[in-house]
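> Which chain is which? The protein sequence lines are A and B, in order.
The working numbering puts the last residue of the first sequence at 483; the count rises by one with no breaks.
The working numbering puts the last residue of the second sequence at 1483; the count rises by one with no breaks.
Beta carbons are placed, not taken as given, at the ideal position from N, Cα and C, and that holds for glycine.
Here the structure is a predicted model, which means the values were calculated and not measured.
Mind looking over this structure? Questions follow.
Protein chains: 2
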Amino acid sequence: MGKKQSNQVKEITPMEVDFPQWYTDVISKTEMVDYSPVKGFMVIRPYGYAIWELIQKAYDKRFKETGHENMYFPLLIPESLLKKEAEHVEGFAPEVAWVTHGGDKELGERLAVRPTSETIICSMYSKWLNSYRQLPFLYNQWCNVVRWEKTTRPFLRTSEFLWQEGHTLHETAEEAQAETMQMLGIYREIAETCLAMPMVVGQKSEKEKFAGADATYTMEALMHDGQALQSGTSHNLGQHFTKAFDITYLDRNNEQSYPYHTSWGVSTRLIGGIIMVHGDDNGLVLPPMIAPIQVVVIPVAQHKEGVLDKAWEIGKILEKEYRVKVDDSDGYSPGWKFNQWEMKGVPIRLEIGPRDIENGQCVLARRDTGEKIQVSLEDVLKAVGDLLKEIQSNLYDKALKMREEKTSTAENTDEFKKNLKENPGFIKAMWCGERSCEDEIKEDTGASIRCIPFDDEQEVLYEGKCVCCGKPAKKMAYFARAY
Amino acid sequence: MGKKQSNQVKEITPMEVDFPQWYTDVISKTEMVDYSPVKGFMVIRPYGYAIWELIQKAYDKRFKETGHENMYFPLLIPESLLKKEAEHVEGFAPEVAWVTHGGDKELGERLAVRPTSETIICSMYSKWLNSYRQLPFLYNQWCNVVRWEKTTRPFLRTSEFLWQEGHTLHETAEEAQAETMQMLGIYREIAETCLAMPMVVGQKSEKEKFAGADATYTMEALMHDGQALQSGTSHNLGQHFTKAFDITYLDRNNEQSYPYHTSWGVSTRLIGGIIMVHGDDNGLVLPPMIAPIQVVVIPVAQHKEGVLDKAWEIGKILEKEYRVKVDDSDGYSPGWKFNQWEMKGVPIRLEIGPRDIENGQCVLARRDTGEKIQVSLEDVLKAVGDLLKEIQSNLYDKALKMREEKTSTAENTDEFKKNLKENPGFIKAMWCGERSCEDEIKEDTGASIRCIPFDDEQEVLYEGKCVCCGKPAKKMAYFARAY
């Protein structure tokens, strides 16, 4: 720790100066993540992993409440299986890491380190499914996947990441669509309530959809630098895979049918989103619901009699309901500790010194606003609880306001470019639906269609003329540069 | 499910007839696990995975209570890193799956799919550790590992399995030894209290220890067929890896020192142990603490008015404290359901029919003894709680009794062989400590030294003469054939 004192605190590059460097500073100085000896692979350190555990727990609970069960499928997938669904293999082949040798022997067939598990899961579903009475299949797995990426950034795009992938089968197309939408809804619900990240949701364009899907739905968040982050996707896979893998069952009419299929995933990428939505020039700002430490108790003048005892006493009271750390470490000033835990994004800092004890009170300092309030020691448990709730909701509101400020509309490509330059963020614009216009915008501006909102959030802008070609357009889409 | 009715229930090969076939029948008919398209790799199905989740939760809680934090390290390890510790690479090289291509490109250096993570973790520890003030490092990871195995059996030995691996660093040899023993103690505690599996603990011989360890400690359970299962190991790695990876820190005397190192792991193998310790000819028998379903409520004459309502009412009451399933499925007789859930090892079956309702009672049937008791509906929550505790402790007692019955002593190799033939199990025998005797016994009988018990469980048998060579022996060891 000695070494850290000199180089860790308050040496974060300001966002405005260099946003990518700010991000790199934050993730490394807070010890969330580190680079590994293998290029493009990250080590998730305890402070980062603890956030992932809390995210997992929140999602897993909702998956189970909606009837899904967890399983585990093999890491390695035979090349022949991966190739069974044509669009799918085309989409993933360039990113596959291949195992060619087991021990000293060359394998007869190459094995892909799973980039996603549709193919191996379908091969098992085809074995398990016989009758409509078994449907729906509602399964999920938490695992690691590997996608060989050229340029990587911890949490956001790495050659290995942790995620969950749900894989379901249904009797009807309608049920599969309902499942696809239900899971998108759960993704959004947890992202907004626990991660305090407001989401724009909608459908992906044909160009941007998952390799092998009928339709892909997405939730997209906006980062401080005005770039979007695809934060979770839910795919209606129709019968692409069930036909390719010959998954059939005896239906209610006693005939062999192919079931309808969905898959959906969120990953450790969400942690990158939390950092870039809530963070500031002092470091991380963590929403209380996923903060590994919700309250840090810092004794002031801790050598004075009774201070440490009182700090620990308060810690014990709070830890019955919250995740608490008492920082009684020696050799660091309270000021240094304040900075340290501010950088780590702990929602509440509780300060307690001799004068506070005399007055039967302590100070709560909010990470999100910097505000300090005095509370009576008798009320501390309730005060902390109330404040955590307030911080949680304030972070959501702040993020929503930020997104709204960075969301504009554009009538034509000139305006589109101007907006992207002057106020980068989401641009709402009409789109004719042609791939050529989508490609042209991407090439000219770097912005892609993030999603086409659902009907209840659709708007007709500028008399419905496509932002690119000016022809009649039926849908408004969210465009942005993206991670 | 239609298809399953005909082939699933009551077609388990009796243990006495063919124990390996019994095991295969149980794991497949209960849908815990399935074979995958890649030889040696298993699919863990929901009923098996739910057990793993409960085991994980129990261990993870204890790891955290003892100050350990979780992290995540990369799946792939460069060949050069794996080769840095000589004994280690020699031990693992024959079992490594190698990634040679990423996308279309051949890699400059082969990457090992982790068989265990000492090497990559040490490479990071060497970067992170500077000062004694940072010690101890107390970290763990939950992940998948791959070891290319020639002969495999689901849960017991598979080319991929799920496990946790703890990796700690300490200032002194004493602290590392204390950690090694603490973790062995936690392994045993959870195995005995939650999994109801009595363990023999002790040290591995030089021959059987982990590749690169100073000392390996193990817990070993005895299966119904008299074979031992190594169920968890804790290694004192000394300074082998910290020297090989040049992990140094400034110690209390302001000098550069190498820390002391431990690692420890338990895996999905434990599930195989649960099956083979507690199971019987009717299928699984699950200890309540790790049973995904602790109570199954089965309505009798469910078409009669009020029966289903009452079954659900009881289910709701019980599910506040226990894991409960109400099996109201149509088209199956209660008798068929009884068999089904008996096979799945559910600790308590609760039967409720019209006459029971009239009498304000229900029937609880124990999976472990077959005993049935009537309880008043008013007392059902407490009765179920008491009974689950009793079943948990009865299963442990039964398993201990079984092990004791299958544990013998042998004075010489003739007796050793006779015991193994007539009553296969643990054989306690004196051992001179020579590798030649250990090898000879292994070759002659297939039995290996499972562990050398600690001093408090040591005995002097047959005047301390080695079971093999007859020379003076200092230690008694547990021998057995093993999975």
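How many whole angstroms separate the CB atoms of A:N130 and A:Y249, which I take to be in contact at a CB cut-off of 8 angstroms?
At roughly 6 angstroms, the Cβ-Cβ gap stays under 8 angstroms, so A:N130 and A:Y249 are in contact.
> Mapping DSSP to helix, strand and coil, what is B:M1219?
It is a strand residue.
> Find the nearest neighbour of B:R1153 within the set B:D1025, B:Y1478 and B:G1265, judged by alpha-carbon distance.
Closest by alpha carbon: B:D1025.
> B:A1097 CB to nearest chain A CB: under 9 angstroms?
Yes, B:A1097 lies at the interface with chain A (some Cβ there is under 9 angstroms from its Cβ).
> Considering only residues of the region 283 to 365 of chain A, which uninterrupted alpha helix (DSSP H) runs meet the minimum length of 4 residues and lie entirely inside it, listed in chain order?
As far as the region 283 to 365 of chain A is concerned, its whole alpha helix (DSSP H) runs of at least 4 residues are 307 to 319, 334 to 343 and 354 to 358.
> With DSSP as the reference, label B:C1122 as helix, strand or coil.
Looking at B:C1122 - three-state DSSP - the assignment turns out to be helix.
> If I measure Cβ to Cβ from B:G1464 and keep anything under 8 angstroms in the same chain, skipping five residues before and after, which residues do I get?
Once the five neighbours on either side are set aside, the close Cβ partners of B:G1464 are M1430, P1472, A1473 and K1474.
> Determine whether the Cβ of A:N144 lies closer than 9 angstroms to any Cβ atom of chain B.
Yes, A:N144 lies at the interface with chain B (some Cβ there is under 9 angstroms from its Cβ).
> How many Å lie between A:E149 and B:G1265 at the Cα?
Computed Cα separation, rounded: 31 angstroms.
> What is the DSSP secondary structure of A:K57, counted as helix, strand or coil?
If DSSP states are grouped into helix, strand and coil, A:K57 belongs with the helices.
> Would B:F1241 be called buried (16 or more neighbouring beta carbons within 10 Å of its own) or exposed?
By the 10 Å Cβ count, B:F1241 comes out buried.
> Take B:E1192 as the anchor and find which of B:Y1072, B:A1482 and B:P1287 has the nearest alpha-carbon.
Ranking B:Y1072, B:A1482 and B:P1287 by Cα distance to B:E1192 puts B:P1287 first.
> Could you tell me the distance, in whole angstroms, from the CA atom of A:R147 to the CA atom of B:A1058?
Near 33 angstroms, if we compare the C-alpha coordinates of B:A1058 and A:R147.
> In its own chain, which residues sit with a C-beta less than 6 angstroms from the C-beta of B:G1353, not counting the 5 before and 5 after it?
These residues qualify, in order along the chain: V1300 and A1301.
> Going straight from the alpha carbon of A:W341 to that of B:R1252, what length do you get?
Cα to Cα, the separation comes out at about 27 angstroms.
> In three-state DSSP terms, what is A:V467?
It is coil, neither helix nor strand.
> Which term fits A:P136, buried or exposed, when burial requires 16 or more other beta carbons within 10 angstroms of its beta carbon?
Buried is the call here.
> Please go through the same chain and pick out, in chain order, the residues whose beta-carbon is closer than 7 angstroms to the beta-carbon of B:L1162, but skip the five residues on each side of it.
Excluding positions up to five away in sequence, the list reads W1052, N1144, S1267 and T1268.
> Residues of chain A with CB under 9 angstroms from B:N1394, in chain order?
None at all; the shortest Cβ gap to chain A is about 29 angstroms.
> Less than 9 angstroms between the C-beta atoms of A:E443 and A:C469, yes or no?
No, the pair does not count as a contact, with Cβ atoms beyond the cut-off.
> Closer than 9 angstroms by beta-carbon distance: list the chain A residues that pair up with B:Y1049, in chain order.
What B:Y1049 touches in chain A: E69, N70, M71, Y72 and Q141.
> Bridge partners of A:Y260, per DSSP?
In DSSP, A:Y260 forms a bridge with A:H170.
> Can you find the residues in the same chain that come closer than 6 angstroms, C-beta to C-beta, to A:I44, ignoring five residues on each side of it along the sequence?
Excluding sequence neighbours, A:I44 sits near V33.
> Does the region 99 to 109 of chain A touch the region 1097 to 1104 of chain B, meaning 3 or more C-beta pairs lie closer than 8 angstroms?
These segments touch.
> Report the residue from B:K1316, B:I1348, B:P1074 and B:H1167 whose alpha carbon sits nearest the alpha carbon of A:S159.
Comparing Cα-Cα distances from A:S159 to each of B:K1316, B:I1348, B:P1074 and B:H1167, the minimum goes to B:P1074.
> Check whether chain A comes within 9 angstroms of B:T1151, counting only Cβ atoms and requiring the distance to be less than that.
Answer no: the Cβ-Cβ gap between B:T1151 and chain A never drops below 9 angstroms.
> Mind reading off the beta-carbon distance from A:M71 to A:Q177? Whole number of angstroms is fine, and I expect it under 8 angstroms.
Between A:Q177 and A:M71 the Cβ distance is about 23 angstroms, and since that is not below 8 angstroms, they are no contact.
> Return no unless some Cβ of chain A is closer than 9 angstroms to the Cβ of B:K1127.
Yes, B:K1127 counts as interfacial toward chain A.
> If you draw a straight line from the C-alpha of A:G2 to the C-alpha of B:F1245, how long is it?
Its pLDDT being 38, under 50, A:G2 is placed unreliably in this model, and the value from its coordinates should be taken loosely. Distance between the alpha carbons of A:G2 and B:F1245: 22 angstroms.
> Between A:I317 and A:V380, how many whole angstroms is the CB-CB distance? I'm expecting something under 8 angstroms.
Confirmed, about 7 angstroms.
> Thinking B:Y1322 and B:V1295 are a contact (beta carbons under 8 angstroms), I'd like their distance in whole angstroms, please.
B:Y1322 to B:V1295, Cβ: 6 angstroms. Contact.
> So, for B:L1395: in the same chain, excluding its five sequence neighbours on each side, which residues have a beta-carbon less than 8 angstroms away from its beta-carbon?
Hits under 8 angstroms: A1196, H1278, V1285, P1287 and D1368.
> Mind checking B:N1254: buried by the 16 CB within 10 Å criterion, or exposed?
The residue in question, B:N1254, is exposed, as its Cβ has fewer than 16 Cβ neighbours within 10 Å.
> Run down chain B in chain order and give the residues with a C-beta less than 7 angstroms from the C-beta of A:I44.
Within chain B, the residues near A:I44 are M1071 and Y1072.
> Quick one: what's got a C-beta closer than 6 angstroms to A:H167's C-beta in the same chain, skipping five residues either side?
Result list for A:H167: I121, Y139 and S263, in chain order.
> B:Q1239 and B:T1218 - do their beta-carbons sit closer together than 9 angstroms?
Their beta carbons are not under 9 angstroms apart, which means B:T1218 does not touch B:Q1239 by this criterion.
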